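A.B. asks: First to last, the sequence lines map onto chains A and H.
Residue numbers for the first sequence follow our numbering, so the first one is 692 and each next one is one higher.
Residue numbers for the second sequence follow our numbering, so the first one is 135 and each next one is one higher.
Glycine residues also receive a C-beta, built at the ideal position from the N, C-alpha and C atoms.
These figures come from a predicted structure and were not determined experimentally.
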Amino acid sequence: MNYELTSHNSFAALLDAAVDSIIVSDSTGIMLVVNPAATKLFGYQKKEIMGKNIKMLMPEKDNLHHDGYMKNYLETGQRKIIGLGRETTGVKKDHSVFPMYLSVGHIKNSDGDNFVGIIHDLTTRQQQQRQLEQHEIEIRKLQEKLAHVARISTLGEMVTGIAHEINQPLTAISTYAQGSIRMLNSKAADTTELLAAQQKITGQAERAAQVIGKIRNFAKKTNIKHQPQNCNALISEVASLAEVHAKELGVTLQLQLSEHPDLLVMVDGIQVQQVALNLINNAIESMTNAQDQKQVIIRTTKLDENTAEISVHDNGEGLAEALEEQMFDAFFTTKSAGLGMGLAICQSIIASHQGIIRFRRNPDKGCTFSFTLPTAVGITL
Amino acid sequence: MTEPSVFIVDDDKSVREALLFLMKSVQLNASAYASAKEFLTLFDPDCPGCLVSDIRMPGMSGLELLQELQQRNSQLPIIFITGHGDVPMAVGAIKNGAEDFLTKPFRDQELLDCINTAIDKDKQLRSKKDAKDAIIRRLSSLTNREKQVLDKVVAGKANKVIAADLSLSHRTVEVHRSHVMEKMQARSLAELVKLIQLVKQEQN
């Protein structure tokens, strides 16, 4: 078949008009037809590539194998790309590599085997995809930052309780130390008793350090990372932090942990603790004016194979019905000093874990907030 | 008399134990309680000393404990130690009759000074109360007639006037009067008046 002749018919017009690059080569890879879109895409003049091997348009890793592919296909009919399509890369005249979608067809005619390649430039699409990914990364970073700010703000609201929690061991330490000095000065020093006092001091220093450690862990900046976490352990740990706030306001916390001690959830631990702490603190604060026993019940439940639920139940004042719809909105708050970001952030965190955060009025008194988390099915720690 | 004792009330075990240790280092008797309730159930109003209590505790707070003791007519001095050392709270505590107010952690000397002052005050209050109780005991030993005579003597009336008021002989009034002086253990009229005033003052 004489391709030159076809330039005068509709086939040539089609080649000229095509947006995608079309290249026809023979079985050895010599280019017989190159349409304008192809020369433009690869940055060559038509005369620079006509009659040359198509390998010049491929990156090294592909062109080394190209002869082999062709030979293999012709001998065995085994397809790697021919008759199919796939995403690959091309090389321009200026040696720059770009992404493209390549589909190759086999043309059998009297002259032998020819191949037609249709190339769709993916540069723009890849750029858009990269931009989209970039945006997603930025959004995630912003969410991380926002969550971090919210955690710091939560700790800020708890500062009185935290100070108290550190002050207690400090008081014990200073009292033991001063008592020891007195005993030593009085010369009536009893070694056994002094030794016991020093051990108490060590224990109390450890207690203070643990409080600080817990807070530091909660306050640190982290990259969101979803990994299998023990649900009961996560919630117990954060409950001990909330205990600080509860004690300050005369509220007791009751933990009702799931009877599945190995219940694993696929989560970012700190973020989930942040949500739990927020809900527990809200519950504690809802009972400021309660008369009867102030109690918050924190429960972990395995709902089904794929879902765990954490709920926080209070017997406080509840929430006016009219406010229910707004409570997850940003800047909505019932607290005089509140920013109104707590629940909005909780909701976005739980949504990013494919969970749902729910609110319900208790039949007797107060309300219950709960959220679901995906379990880490089939993963063992 | 029983030795004075320091009663420690704090919900934090480590603080309680540390305070017991400090008291021991200065040879002060002390006992510790985990809650206001626990202290109240074991409370003996006849035990001298002072109370060192935390303010914020689950259940009954330190301030509520103070009120409860006042309701029971106890004058046991209370020193509050608290981690939440805000000024309004301190003022409130002192106004309500607390002896002192210290913020945790405190300097041991400061606390021991407060404790010593409080124990001294308790001692004085107790001896005052003992004296008053003695006068009241003596008063209750008087007969009705003697009481009538006493009232008039203290009001400054002469025996003659009293005799006329009560339609008694001068001699009878003199006998009652000498019984009153004897039973009240007063050596002079001035002393008798002082004793009666002491009881009346307290009752007011």
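Tell me which same chain residues have a C-beta within less than 7 Å of the C-beta of A/Glu1016, skipping the five on either side of it?
C.D. replies: As a first step, residue 1016 of chain A must be located in the first sequence, where it is residue number 325. There are no such residues.
A.B. asks: According to the neighbour-count rule (16 or more other Cβ atoms, all chains shown, within 10 Å of its Cβ), is A/Gly1046 buried or exposed?
C.D. replies: The residue labelled residue 1046 of chain A in the question sits at position 355 within the first sequence. Counting Cβ neighbours within 10 Å, A/Gly1046 comes out buried, since at least 16 surround it.
A.B. asks: Which residues of chain A have a Cβ atom closer than 8 Å to the Cβ of H/Gln174, listed in chain order?
C.D. replies: Numbered from 1 along the second sequence, position 40 holds the residue referred to as residue 174 of chain H. Position check: residue 174 of chain H holds Leu in this sequence, whereas Gln was assumed. Per Cβ cutoff of 8 Å: no residues; H/Leu174 is ~19 Å from chain A at best.
A.B. asks: Using the Cβ count rule (16 or more neighbours within 10 Å means buried), how would you classify H/Ala166?
C.D. replies: By 1-based counting over the second sequence, the position of residue 166 of chain H is 32. Flag for H/Ala166 reads buried.
A.B. asks: In angstroms with no decimal places, state the Cα-to-Cα distance between A/Cys1058 and A/Asn858.
C.D. replies: Here residue 1058 of chain A is taken as the residue at index 367 of the first sequence, counted from 1. Here residue 858 of chain A is taken as the residue at index 167 of the first sequence, counted from 1. Cα-Cα distance, rounded: 33 Å.
A.B. asks: For H/Cys184, which of helix, strand or coil comes out of DSSP?
C.D. replies: Your numbering for residue 184 of chain H matches position 50 in the second sequence. Note: H/Cys184 maps to strand in three-state DSSP.
A.B. asks: Pairing CB atoms from the stretch 315 to 324 of chain H with CB atoms from the stretch 293 to 306 of chain H, are three or more of them under 8 Å?
C.D. replies: No: the two stretches stay apart, fewer than three of their Cβ pairs being nearer than 8 Å.
A.B. asks: Under 8 Å, CB to CB, which of the residues in the stretch 850 to 865 of chain A have a partner in chain H?
C.D. replies: From the stretch 850 to 865 of chain A, only Thr851, Ala854, His855, Asn858, Gln859, Pro860, Leu861, Thr862, Ala863, Ile864, Ser865 have a Cβ closer than 8 Å to chain H.
A.B. asks: State yes or no: is the beta carbon of H/Pro239 nearer than 7 Å to at least one beta carbon in chain A?
C.D. replies: For this step, residue 239 of chain H is matched to residue 105 along the second sequence. At least one chain A Cβ lies under 7 Å of H/Pro239.
A.B. asks: Nearest CA to the CA of H/Glu233: which residue from H/Asp256, H/Val143, H/Gln331, H/Asp242?
C.D. replies: Here residue 233 of chain H is taken as the residue at index 99 of the second sequence, counted from 1. When each option's Cα is compared against that of H/Glu233, the closest is H/Asp256.
A.B. asks: Pull up the CB-CB distance for A/Lys1056 and A/Asn1006, whole angstroms please, since I reckon it's below 8 Å.
C.D. replies: As a first step, residue 1056 of chain A is located in the first sequence; it is residue number 365 there, counting from the start. As a first step, residue 1006 of chain A is located in the first sequence; it is residue number 315 there, counting from the start. With a Cβ gap of about 4 Å, A/Lys1056 and A/Asn1006 count as contacting.
A.B. asks: Where in the stretch 207 to 281 of chain H do unbroken runs of the alpha helix (DSSP H), each at least 4 residues long, occur, reported from the N-terminal end onward?
C.D. replies: Listed in chain order, the complete alpha helix (DSSP H) runs (minimum 4 residues) inside the stretch 207 to 281 of chain H are 221 to 229, 242 to 274.
A.B. asks: Starting from the beta carbon of A/Lys891, find every residue of chain H whose beta carbon is closer than 9 Å, and list them in chain order.
C.D. replies: Here residue 891 of chain A corresponds to residue number 200 of the first sequence, with the count starting at 1. Result: Ser148, Glu151, Ala152, Phe155.
A.B. asks: Taking only the alpha-carbon atoms, compute the straight-line gap between A/Phe806 and A/Leu813 and give it to the nearest angstrom.
C.D. replies: Taking the first sequence and counting its residues from 1, one reaches residue 806 of chain A at position 115. Taking the first sequence and counting its residues from 1, one reaches residue 813 of chain A at position 122. When rounded, the distance between both Cα atoms is 22 Å.
A.B. asks: Give the single residue among H/Phe177, H/Val160, H/Ile270 whose Cα lies nearest to the Cα of A/Ser877.
C.D. replies: Translated into the one-based positions of the first sequence, residue 877 of chain A becomes position 186. Among H/Phe177, H/Val160, H/Ile270, the Cα nearest to that of A/Ser877 belongs to H/Val160.
A.B. asks: Output yes if chain A places a C-beta closer than 7 Å to the C-beta of H/Gly196; else output no.
C.D. replies: Here residue 196 of chain H refers to the residue found at position 62 of the second sequence. Not one chain A Cβ lies under 7 Å of H/Gly196.
A.B. asks: Extract the residue ranges of the beta strand (DSSP E) inside the stretch 784 to 868 of chain A, only unbroken runs of 3 or more that lie entirely within it.
C.D. replies: Runs of the beta strand (DSSP E) inside the stretch 784 to 868 of chain A: 788 to 800, 803 to 812.
A.B. asks: Going along the chain, which residues of its own chain have a beta-carbon closer than 6 Å to the beta-carbon of A/Glu893, five neighbours each way excluded?
C.D. replies: For the purposes of this step, residue 893 of chain A is taken as residue 202 along the first sequence, with counting starting at 1. First, the amino acid is wrong: residue 893 of chain A is Thr here, not Glu. Same-chain partners within the cutoff: there are none.
A.B. asks: If we cut at 7 Å on Cβ distances, does A/Met874 have a partner in chain H?
C.D. replies: Locating residue 874 of chain A in the first sequence gives position 183, counting from the first residue. Taking Cβ atoms only, chain H reaches closer than 7 Å to A/Met874, which makes this a yes.
A.B. asks: How many Å lie between A/Asn1008 and A/Ala924 at the Cα?
C.D. replies: Walking along the first sequence from the start, residue 1008 of chain A turns up at place 317. Walking along the first sequence from the start, residue 924 of chain A turns up at place 233. First, the amino acid is wrong: residue 1008 of chain A is Glu here, not Asn. If you take the alpha carbons of A/Glu1008 and A/Ala924, they lie about 29 Å apart.
A.B. asks: Please decide whether H/Asp242 counts as near chain A, where near means a Cβ-Cβ distance under 7 Å.
C.D. replies: Translated into the one-based positions of the second sequence, residue 242 of chain H becomes position 108. Answer yes: the Cβ-Cβ gap between H/Asp242 and chain A drops below 7 Å somewhere.
A.B. asks: Take H/Asn338 and list the residues in its own chain whose beta-carbon comes closer than 8 Å to its own, dropping the five residues that flank it on each side.
C.D. replies: Mapped onto the second sequence, residue 338 of chain H falls at position 204. With a pLDDT of only 48 at H/Asn338, under the threshold of 50, the placement of this residue in the model should not be trusted; the figure read from the coordinates follows. Nothing meets the Cβ criterion.
A.B. asks: State the DSSP-derived secondary structure class of A/Gly776, mapped to helix, strand or coil.
C.D. replies: Looking up residue 776 of chain A in the first sequence gives position 85. Three-state result, A/Gly776: strand.
A.B. asks: Would you check if there are 3 or more beta carbon pairs closer than 8 Å linking the stretch 968 to 986 of chain A to the stretch 1031 to 1045 of chain A?
C.D. replies: Taking 8 Å as the limit for Cβ pairs, the verdict is that the stretch 1031 to 1045 of chain A does touch the stretch 968 to 986 of chain A.
A.B. asks: Does chain A have any CB closer than 7 Å to the CB of H/Gly226?
C.D. replies: Counting from one through the second sequence, the residue named residue 226 of chain H turns up at place 92. False, the Cβ-Cβ gap to chain A never drops below 7 Å.
A.B. asks: Under the three-state reduction of DSSP, which class applies to A/Asn969: helix, strand or coil?
C.D. replies: For the purposes of this step, residue 969 of chain A is identified with residue 278 of the first sequence, where counting begins at 1. If DSSP states are grouped into helix, strand and coil, A/Asn969 belongs with the helices.
A.B. asks: Please classify A/Glu1000 as buried or exposed, where buried requires at least 16 other C-beta atoms within 10 Å of its C-beta.
C.D. replies: Within the first sequence, residue 1000 of chain A is the residue found at index 309, counting from 1. It is buried - the Cβ of A/Glu1000 has at least 16 other Cβ atoms within 10 Å.
A.B. asks: Looking at C-alpha atoms only, which residue of H/Glu151, H/Phe155, H/Leu210 is the closest neighbour of H/Phe177?
C.D. replies: One-based indexing of the second sequence puts residue 177 of chain H at position 43. Selected option, being the one with the closest Cα: H/Leu210.
A.B. asks: Can you list, in chain order, the residues of its chain whose CB lies under 6 Å from that of A/Ser977, leaving out five sequence neighbours each side?
C.D. replies: Taking the first sequence and counting its residues from 1, one reaches residue 977 of chain A at position 286. Around A/Ser977: Asp1005, Gly1007, Glu1008.
A.B. asks: Hey, how far is the Cα of H/Met223 from the Cα of H/Met194?
C.D. replies: Working through the second sequence from its first residue, we reach residue 223 of chain H at position 89. Working through the second sequence from its first residue, we reach residue 194 of chain H at position 60. Answer to the nearest angstrom: the Cα atoms are 16 Å apart.
A.B. asks: So, at 8 Å on beta carbons, what are the nonlocal neighbours of H/Ala341 in its own chain, with the 5 sequence-adjacent residues on each side left out?
C.D. replies: For chain H, the structure presents residues 135 to 338; residue 341 of chain H sits outside this window and is missing.
A.B. asks: By DSSP's criteria, A/Pro1119 is part of a beta bridge. Which residues make up the other side?
C.D. replies: Past the edges of chain A, shown from 692 to 1072, lies residue 1119 of chain A, and the structure says nothing about it.
A.B. asks: So, is the C-beta of H/Ser159 closer than 7 Å to a C-beta in chain A?
C.D. replies: Residue 159 of chain H sits at position 25 when you count from the first residue of the second sequence. So, interface residue.
A.B. asks: So, does the CB of A/Ala888 fall closer than 7 Å to a CB anywhere in chain H?
C.D. replies: Your numbering for residue 888 of chain A matches position 197 in the first sequence. A/Ala888 counts as touching chain H.
A.B. asks: With 7 Å as the threshold, decide whether the Cβ of H/Gly183 is near any Cβ in chain A.
C.D. replies: Along the second sequence, one-based indexing puts residue 183 of chain H at 49. Judged by the 7 Å Cβ criterion, H/Gly183 is not in contact with chain A.
A.B. asks: Please list the residues of the stretch 926 to 954 of chain A that have a C-beta atom closer than 8 Å to any C-beta atom in chain H, keeping them in chain order.
C.D. replies: Cβ contacts with chain H: Lys938, Glu939, Gly941, Thr943.
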